[in-house]
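Protein sequences appear in the order of chains E, B and U. Read the first sequence against this note's numbering and you will find it ends at 493, with the numbers running on by one and no gaps. Read the second sequence against this note's numbering and you will find it ends at 1085, with the numbers running on by one and no gaps. Read the third sequence against this note's numbering and you will find it ends at 2490, with the numbers running on by one and no gaps.
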Amino acid sequence: MSEHPRTPAQPPVGGSPKQNSYEPVIGLEIHVQLKTATKMFCGCALTFGEPPNTRTCPVCLGLPGSLPVANARAIHYGLVIGLALGCELAPRSIFHRKNYFYPDLPKGYQISQYDEPLCRGGQLGDIRIHRVHLEEDAAKLIHIGSSGRIHSSDASIVDFNRGGTPLAEIVTEPDLRSPERAGEWLRLLRATLRQLGVSDVNMEEGSLRCDANISLRAAGSEHLGTKTELKNMNSFRFIERGIRAEIARQQRILEHGGEVVQETLHYDPASDRITSLRSKEEAHDYRYFPEPDLLPVAIDEHMLAAAKAALTELPADRAARYERELSLSPDSAQLLAFRPELGGFFEAALAAQGDASAQTLANWVTVELAARLDDGDPAATGVTPRALAELAGMVAAKQISVGAGRQVLDKLVAEGGEPQAIVDAEGLAALDGADELAAIVAAALEANADAAQRVREGNTKAIGPIVGHVMRETRGRADGTEVARLVHEQLGV
Amino acid sequence: MAQLARLALAEEEIEPMARELSAVLDHVARIAELDLEHVAPTSHVLDVTGALRPDEPRPCLPRELALAQAPAVSNDGFLVPSPQA
Amino acid sequence: MSDASSSASSPQGERELLKLTAAQAARRIAAGELSALELFDAYRERAATDHAVGHEGLNCFTWVADERAGVEDSGPLAGVPLAVKDLFCTEGVPSQSGSRILQGYTPPYTATAVARLRDAGAPLLAKTNQDEFAMGSSTENSAFGPTLNPWDRGRVPGGSSGGSAAAVAAGLAPWALGTDTGGSIRQPAALCGIVGLKPTYGSVSRYGMIAFASSLDQAGPLTRDVTDAALLLAHMVGRDPCDATSLQLPEEIVLPSAQELTGLRLGVPAELHGEGIETGVREVFDGACKRAEALGAELIDVELPHAPYALSAYYVLAPAECSSNLARFDGVRYGLRAPGALELLDMYTRTRHDGFGPEVRRRVMLGTYALSSGYYDAYYARAQRVRTKIAEDFADAFKRVDFIVTPTAPTVAFKLGEKTADPWAMYLNDLCTVPMSLAGIPAISIPCGLSDGLPVGLQLAGPAFSENRLLDAAYALEQEFGFDGSAAHV
């Protein structure tokens, strides 16, 4: 086991490290746990958080004489993923055995796919997909040891509940060129898979796992450098940091005239260190051969039709549509498209046909509503799409101020209800008469004489406390722009 | 090869094993004589595909049965020496 | 319920009882002339005695049922007790596949084939001895010691289903279940003078059969006559949702009835008739072929040009698959774990070294090698291609003939220890049976005479799903040969 020197604290990598004359070449290998009811090759129910070894059977325990039988829904989800990623679906694909010994592998081999996978080729965004295939997940190995880290424990316990969970493995071509791009693309993949309903794609829970293959090459070169495999990064942040750290490590090696060794590495986010995961003696000869216990999978019209029917409008396509048809800004479009629960809410609000424009509604959803949701689902709150549409319309028509609108939204989110009723009940209607407002402004100028003086002298920033005073007095119902105008008018500046 | 197959061979077993395997391999190597260039390999002798299973739960083994034959158990799990570098 | 003549209460009565074939016994039980419990007890006692004397007996069994209070006599198999090869998982009953590594292992489930037979009315009498993990042709590779041939106790019964074959031949069980991967039902049937059938690959579910070579293993009957084989087979076959490679047969298995072979074309492949076949065996076989002609069959010379390579291909493919199938025996979840292992690698290697016998270790090494990087193409992939050619050879031959006929085994039963020194000498026992396994086609062995006082088997092989026609032809020949498969000679 070798350790590599600490990477510098804030490596200035960013989008294009051409200043270092090395270009990162990154490919991702993503494992997705499929949301089927049962395991990949046996009928054990997939439920989580059960006591250890209560979700097993002769098949997933690897008892002598047991045989696998492939889960039709897992195949279906594999096809759905393949179609969504624009892959070619193999008319005939087979399972292979990947042979190696490890306590979390009950049969001493993993049933996977090798050179005849379910899907090949494809693209998501501007990153090409190499292949998608199906396999079974290993069991859970829990280390009992002083620190709990894999390298310093004495014994382990195996829990086979997770063993046999269906996995789709998605491998990209090495088209990524920076850690940020990798993170961004992974988020797109996650949104896409979540939209398809094939997986929970939750990194913290382990239903989405990502390894990275990283190499460096001289900028402008076609030749690929030696790649390393970085594993066990279980959050988006750690993935970006891990890739960044590995790029820096390889760079230092190459700059010192050394050679990058092909190996499997582990990123420790706590120390920002890259360490070698597998010792060199470990022979990785998997001795793949076709799985004789399973028949080849042939895709018929029925399966293809079912997979197509399951395709919903995917995030990238939805974002493009929003920009094209609704003239939303690219940022708004992407935000709404990548979070289906927001996008759905937005579209429903749009359908309510209020007075607000699509972009205005989009802003209300992506900025105001999103801030109040804390990553949750709008459906779990009291605000309905129609209510939000109405609210947005009222603000656009200046019936209430933006500030008042925010207060109404707070109430809607917390308790539901109708915007107009809340406005009436709370007395939040925009200040009607210019006279009323003018009077309050005058009073504010008197109360903040120093500030008023500074404004007269040309210090525009001093207007702050005066406006603040007015806002407090009007409980936010005044329109900020109008207040500023009145202040300047009354001060004669 | 023994390492790959996870078989410990005692010193005195290595030579006879190597000899026996060589002898078998000599016989087996006959297949190299054939011209098989345009022949597809048979990975499945049955000319059938499919045989998939509906995604419906079936009863699991009770934990006691799952662990019943285990050589070593701890905390309701199978106890093994740790894998390490 | 039983009448005096078939009662087990007198020694003569018992002998009569034990002479009944399974089908005959089933008929009598169904007619109320015989008690299933009496039949079970009679067999159970004999089996238990052989088991109890260990190496002084034939050593057919690894486990024998306890006394019972009652036996179900319903169903088409009417309570006729069945001996089952050790490698079939039987819930609550030890199933070790003849290996130390599964010492004390009792499965929590029962193999589909055994469950179906039990549900059809055949209760479990005993588990039979076998070569370890079904690897062998003599049952000398068992952790339980060798089984002896009832015809001559200095000789092997064949393998790997030697225990099943010897038990039936010795009248210790009315019928038995075995498995055939490269000849492991047919060859012991031939060496013990009984009937053994390997059905079309996929006909019988492999769920619960401790695996040796997945693309070759098939369960099948070992019986005293062809009718019993048909009866047992009929209740085992059919698609099982637990085995993806299992199939529904296009037609039900029926009991045979053919009296002659008029119009039947039998192909004799030169490659499996000359060199490698013992003279005495060939002479008896040729004589049997003449009698087939007398029954109306036409004997035609055929060629199976790739048959000489079959054994080589088999001894790449079967070890390769077994090396993977046996990887699960690692001491983690069941079976033997080498004591005192503090380190994982040590636990694996010592457990597997101590738990596996020499033949198994050899084949695991061979198989690992054949699949390893750099050798896969030359060995495994190549052998898969040879397999294609062999299947094609049979397909071509079956355009000209109905069945292929060969001696089942190249020799009669050989002496204990005679072939253990040279692995390839032992592998040659499968010369005539391996090609059919590779092609996945059905084949039956029936006794056709004696050479030097020891049984010789004749093998009939047909295209996939030709079991009914095969059984019919075998039946007609059996009537003609007049070979008495009962326990009388023991």
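From the three backbone atoms N, C-alpha and C, an ideal C-beta is built for every residue, glycine too.
- Remark: C-beta atoms of U:G2158 and U:A2190 approach each other more closely than 8 Å.
- C-alpha of B:E1037 to C-alpha of U:G2183: approximately 29 Å in a straight line.
- E:N459 is classed as exposed because its beta carbon has fewer than 16 other beta carbons within 10 Å across all chains shown.
- Chain B places a beta carbon closer than 8 Å to that of E:P52, counting this residue as a contact.
- When Cβ pairs closer than 8 Å are counted between the two stretches, the segment 2364-2371 of chain U is seen to touch the segment 2317-2331 of chain U, the count reaching three or more.
- Note on E:H469: 16 or more other CB atoms within 10 angstroms of its CB, so buried under the neighbour-count rule.
- Under the Cβ criterion of 8 Å, B:I1031 is counted among the residues facing chain U.
- U:A2115 is outside the set of residues whose beta carbon lies under 8 Å from a beta carbon in chain B.
- Assignment of beta-bridge partners to E:R209 by DSSP yields E:H31.
- According to DSSP, residue pairing for B:R1053 in a beta bridge involves E:N71.
- Nearest C-alpha to E:Q110 among E:L335, E:A387, E:I142 and E:G163: E:G163.
- Ranked by Cα distance from E:A404, the options E:Q195, E:E415 and E:Q420 are led by E:Q420.
- Non-local C-beta neighbours of E:V201 in its own chain, meaning closer than 7 Å and more than five positions away in sequence, comprise V32, R190, L193, R194, S207 and L208, ordered along the chain.
- Straight-line measurement puts the Cα of E:L118 at about 11 Å from the Cα of E:E135.
- Residues L486 and Q490 of the same chain have their beta carbon placed closer than 8 Å to that of E:A438, with the five preceding and five following residues left out of the count.
- Interface annotation, U:V2332: in contact with chain E, CB-CB separation under 8 Å.
- Contact check for U:L2124 against U:A2065 passes: the beta carbons are separated by less than 8 Å.
- Going by beta carbons, E:A337 and E:A319 fall inside the 8 Å limit.
- Assigned with DSSP and collapsed to three states, U:Y2043 falls in helix.
- Sequence-distant partners of E:P269 (beyond 5 residues in either direction) whose C-beta falls short of 7 Å from its own C-beta, in its chain, are F238 and R241.
- For U:A2320, the chain E residues whose Cβ falls inside 7 Å of its Cβ are F289, in order along the chain.
- Annotation: E:I239 is outside any beta strand (DSSP E); the continuous alpha helix (DSSP H) that includes it extends over F236 to E255.
- Taking C-beta atoms as the reference points, U:M2426 and U:S2137 count as a pair closer than 8 Å.
- U:W2424 and U:S2312 have their C-alpha atoms spaced approximately 10 Å apart.
- With fewer than 16 other CB atoms across the displayed protein chains lying within 10 angstroms of its CB, B:R1019 is exposed.
- Residue environment: E:A444 is assigned as buried (16 or more neighbouring CB atoms within 10 Å of its CB, all protein chains considered).
- Under the three-state reduction of DSSP output, E:T481 falls in the helix class.
- DSSP places U:S2451 outside any alpha helix (DSSP H); the residue lies instead in the beta strand (DSSP E), whose first and last residues are A2443 to S2451.
- CA-CA distance, U:P2455 to U:G2054, rounds to 25 Å.
- In this structure, the straight-line span from the alpha carbon of E:V25 to that of U:G2462 is close to 58 Å.
- Taking 8 Å as the CB threshold, B:L1052 lines the interface with chain E.
- Interface annotation, U:Y2315: in contact with chain B, CB-CB separation under 8 Å.
- Nearest C-alpha to U:L2266 among U:Q2096, U:F2133, U:E2038 and U:R2291: U:R2291.
- Residues of chain B whose Cβ lies closer than 7 Å to the Cβ of E:T56 are, in chain order, C1060, L1061 and A1066.
- By the C-beta criterion, the segment 2275-2286 of chain U is judged not to be in contact with the segment 328-335 of chain E, since fewer than 3 inter-stretch pairs fall below 8 Å.
- What B:E1020 touches in chain U, judged by beta-carbon distance under 8 Å, is R2362 and P2423, going in chain order.
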